[in-house]
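Residue numbers (our numbering): 21 to 205.
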């Protein structure tokens, strides 16, 4: 009896651990086996109709008469759809959302992942530079945020003075060093 209970508890804990792992948001899911997630592969064949999932940093948002133009600086995305902020940008692309999208929500500098269909290219400018943007018609998108954590390292360790009262405090001497860890959530 005991081994069986142990087995069930083990399986339940593994199941809980697996569901705690980050997964692709539902609005970015696709059943298409030919889904393109590589910017370079899409850019090389932008005229070809294909379904895409790409991400990056929003460079600009322009509301037009009946749609919203979102210019994105591409970053590679992971299997869970998150843009990889440790990678260098690979280029730019434009996405169009039907109707109005609030530019405050889609503000410059936010991380975004888009699901949509390719629809050719368009010529525009980045500053004074002429650029051919691959274009996608956006079906859905997901905005991400960057969470920062600070990890502090004590170079000298705790002091030699033991605490002998209720009001102890760290008596380390010298400076503390740390680093900021950025994580996309």
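Built from N, CA and C at the ideal position, the CB exists for glycine as well. Owing to the predicted nature of the structure, the values given are computational and were not obtained by experimental measurement.
So what's residue i in DSSP terms, helix, strand or just coil?
i           : result
residue 197 : strand
residue 46  : helix
residue 85  : coil
residue 163 : strand
residue 152 : strand
residue 96  : coil
residue 70  : coil
residue 176 : Residue placement at residue 176 is flagged as unreliable, the pLDDT there being 49, under the threshold of 50; the coordinate-derived value follows with that caveat. In this structure, residue 176 counts as coil in the three-state DSSP scheme.
residue 55  : coil
Among the options, which residue has its Cα nearest to the Cα of residue i?
i           : options            : result
residue 66  : 202, 77, 154       : 154
residue 166 : 142, 152, 172, 131 : 131
residue 85  : 118, 163, 49       : 118
residue 127 : 101, 80, 105       : 80
residue 53  : 124, 93, 73        : 73
residue 163 : 51, 68, 76         : 76
residue 105 : 95, 70, 51         : 95
residue 145 : 50, 99, 91, 78     : 91
residue 103 : 140, 64, 134, 148  : 134
residue 141 : 148, 129, 156      : 156
residue 78  : 205, 198, 124      : 124
What are the boundary residues of the alpha helix (DSSP H) that residue i is part of?
i          : result
residue 61 : 59-64
DSSP puts residue i in a beta bridge; with which residues?
i           : result
residue 125 : Answer by DSSP bridge pairing: none, since residue 125 is not bridged.
residue 143 : 152
residue 157 : 116, 137
residue 76  : 94, 132
residue 103 : 97
For residue i and residue j, which I take to be in contact (beta-carbon distance under 8 Å), what is that distance rounded to the nearest angstrom?
i           : j           : result
residue 151 : residue 112 : 7 Å
residue 138 : residue 68  : 7 Å
residue 45  : residue 101 : 6 Å
residue 107 : residue 60  : Incorrect: roughly 13 Å between the Cβ atoms, too far for contact.
residue 136 : residue 171 : In fact, because the Cβ distance is near 38 Å, the residues do not count as touching under 8 Å.
residue 71  : residue 98  : Between residue 98 and residue 71 the Cβ distance is about 18 Å, and since that is not below 8 Å, they are no contact.
residue 148 : residue 200 : Not really, about 35 Å apart at Cβ, beyond 8 Å.
In the DSSP assignment, find the unbroken beta strand (DSSP E) run with residue i in it and report its ends.
i           : result
residue 108 : No beta strand (DSSP E) holds residue 108; DSSP gives it neither H nor E.
Kindly say whether residue i, judged by its beta-carbon, lies nearer than 8 Å to any beta-carbon of chain D.
i           : result
residue 116 : Note that chain D does not occur in the displayed structure, where there is just one protein chain.
Any heavy atom of the ligand FAD inside 7 Å of the beta-carbon of residue i?
i           : result
residue 133 : Looking for the ligand FAD in the displayed structure turns up nothing, as the structure carries no ligands at all.
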